[in-house]
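Colleague: Sharing a structure below in structure tokens format, with a few things to ask.
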Amino acid sequence: MRIERVVAGTFNEASERSRRLYGPNTLLISSSRVGNSHELLVCTNDMADEETPIVDAEAREAFAATLQEEMLARPKPVFTAAAPVASATVDADDGQAIVGLIRKELQALEMRLASSSGSIHGLKQKMALLEQGVSAAYASQLIAAGLDSVSMGSRL
141 MRIERVVAGT FNEASERSRR LYGPNTLLIS SSRVGNSHEL LVCTNDMADE ETPIVDAEAR
201 EAFAATLQEE MLARPKPVFT AAAPVASATV DADDGQAIVG LIRKELQALE MRLASSSGSI
261 HGLKQKMALL EQGVSAAYAS QLIAAGLDSV SMGSRL
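Quick note: the sequence shown uses our numbering, first residue 141, plus one each step.
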């Protein structure tokens with residue numbers, strides 16, 4: 141690689157001259173205005189500077205043979221599974237057991253709602269108040285006072 145200087149009246153002329161002299165693969169390093177002219181510093185890849193490597197056939201074959209011996213002498217890696225994979229089985233009894241548990245949970249929730257102080261209507265009012273950011277204690281007081289939604293809104 142070499143760095144060359146190209147000078148011309150304008151940038152376009154200097155750029156065209158660098159392409160003509162050194163080819164389209166020239167790398168522009170710097171561009172500056174010097175007086176009335178434009179100067180480019182370009183990097184060129186001069187193929188004459190690069191030496192072709194000398195390949196010795198005997199050395200290449202000796203290296204290949206040594207490499208092959210080393211690769212054959214290395215122990216082969218043994219891959220083992222970390223843990224046996226369990227087979228996925230679907231059991232109808234498991235599904236029925238889950239459905240039974242869900243039904244029991246729903247029955248327990250229904251019983252709690254039925255035995256709670258206040259009706260379902262009061263529960264809906266309390267949930268609406270909680271969604272509006274009213275504290276649970278204050279929402280319970282408003283519902284216990286028996287206020288309608290307009291009266292509750294005026295107190296908030």
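We treat Cβ as the ideally placed atom computed from N, Cα and C, and that holds for glycine.
No experiment lies behind these values; they were computed from the predicted model shown.
1) Considering only the alpha carbon of each residue, which of A213, M141, S177, V274 lies closest to N152?
2) How many angstroms separate the CA atom of Q236 from the CA atom of S255?
3) Kindly indicate which three-state DSSP category L161 falls into: helix, strand or coil?
4) Of the residues R142, E245, S170, which one's Cα is nearest the Cα of A154?
5) For the segment 232 to 277, list the alpha helix (DSSP H) runs that are entirely contained and at least 4 residues long, ordered along the chain.
6) Quick test of your reading: D186 and R142, contact by CB under 8 Å. State the CB separation rounded to the nearest angstrom.
7) My understanding is that V147 touches T166, with C-beta atoms under 8 Å, so please give their C-beta distance in whole angstroms.
8) Is DSSP giving T184 helix, strand or coil here?
Modeller: Here's the rundown:
1) Locating residue 152 in the sequence shown gives position 12, counting from the first residue. Nearest option by C-alpha distance: S177.
2) Looking up residue 236 in the sequence shown gives position 96. Looking up residue 255 in the sequence shown gives position 115. Distance between the alpha carbons of Q236 and S255 is about 29 Å.
3) Within the sequence shown, the letter at position 21 stands for residue 161. Reduced to three states, the DSSP call for L161 is helix.
4) Start at 1 with the first residue of the sequence shown, and residue 154 comes out as number 14. A154 has its Cα closest to that of S170, out of R142, E245, S170.
5) 232 to 255, 260 to 271
6) As a first step, residue 186 must be located in the sequence shown, where it is residue number 46. As a first step, residue 142 must be located in the sequence shown, where it is residue number 2. Between R142 and D186 the Cβ distance is about 5 Å, and since that is below 8 Å, they are a contact.
7) Counted from its first residue, the sequence shown places residue 147 at position 7. Counted from its first residue, the sequence shown places residue 166 at position 26. The pair is not a contact, with the Cβ atoms about 15 Å apart (cut-off 8 Å).
8) The residue labelled residue 184 in the question sits at position 44 within the sequence shown. Strand.
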